[in-house]
Amino acid sequence: MTDPPADLTDYQRGLRRRFLQAPVVPAPRPWRPAEAPCAAVGGLQGVGFAVDPAGHRDLLFVTSGDGHGLFDTVTGRKLARDRDPAPDLPCPDDDLSCPGLGPIAGTPVRIAGLHGGGLHTGTRDGWVIDVVSPDWPNDRVLLSHGGDPYRGTEGVAWWHIFHSRYSELRAAGFSPSGTTLVVATSSDVTIWTREQPAVR
């Protein structure tokens, strides 16, 4: 841990202490890890979400220096792999999208990661993530509901669910459906899932 910059305000120093002291804990219910929650992906560049046309569940598209992969977000199982994408087809392209593969072949997937873009940082029913870096460059992912990490009580309103100690954070966020949460680093992806929330 490095010393804080000298020009931080008392409020900023307090926030830094708050985040440094928060241990990594499991995501609260209804979130649960995917059956295989973490997959190693060396040289990961970006991730994006698509929907399985057969099962109507979220799929996670992953790009890396070794090609592209498609994961089931409930099981964590790899569904398809392309080790040698067409070299004349940039991925992500100017629109930060890549052509799908496997069950979503031909469907473009928006990508967030090394080249830009972003995932949803909130869900319709109030779950939110924040990325903070009190000991930069090590990022921490905070999940909250009904409060926020800057004022709420740790373990009640917010939870520190991921600490990127060893790899660079590429992207973190929710699927458009709000039923999947992913954190992607330069070396792996970690997936949490939940049932579709009731519509109010």
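In terms of UniProt numbering, the sequence shown has 155 at position 155, counting the first letter as 1, and numbering is strictly consecutive. Cβ atoms here follow ideal geometry from the backbone N, Cα and C, with glycine treated the same way.
Could you pull out every unbroken beta strand (DSSP E) segment of at least 3 residues lying fully inside the region 143-187, listed in chain order?
158-164, 169-174, 180-185
**Message:** DSSP has W136 in a bridge; who is on the other side?
**Reply:** In the DSSP output, where bridge partners are listed per residue, W136 has none listed.
According to DSSP, E127 sits in a beta bridge with which residue or residues?
Just to set this straight, residue 127 is Trp in the shown sequence, not Glu. Paired residue(s): H145.
Three-state secondary structure assigned by DSSP to I104
helix
>> Spatial neighbours of R194 within its chain, please: C-beta separation below 6 Å, excluding the five flanking residues on both sides.
In response: Closer than 6 Å at Cβ, skipping near neighbours: P30, W31, T179.
- Item | Pair within 9 Å by beta-carbon distance, L101 and R77 | no
May I ask you to verify whether the region 130-143 touches the region 100-118, counting CB pairs closer than 8 Å and requiring at least 3? no
Worksheet entry | V51 to P87 span [Cα, whole Å] | C-alpha separation (whole angstroms): 26 Å.
Length at least 3, wholly inside the region 1-42: the beta strand (DSSP E) runs in chain order: 32-40
Going by DSSP, what residue range makes up the beta strand (DSSP E) through L79? Following the DSSP letters along the chain, one finds L79 inside the beta strand (DSSP E) bounded by residues 78-82.
Open item on the list: Do F49 and T123 count as a contact pair if the criterion is CB distance below 9 Å?
Closed with: no
- Task: State the DSSP-derived secondary structure class of T75, mapped to helix, strand or coil.
- Result: coil
- Quick one: Cα of C91 to Cα of P99, how far? 8 Å
Quick check on DSSP: helix, strand or coil for H56? Judged by DSSP in its simplified three-state form, H56 adopts coil rather than helix or strand.
(request) Consult DSSP for A50 and reduce its assignment to one of helix, strand or coil. (result) Note: A50 maps to strand in three-state DSSP.
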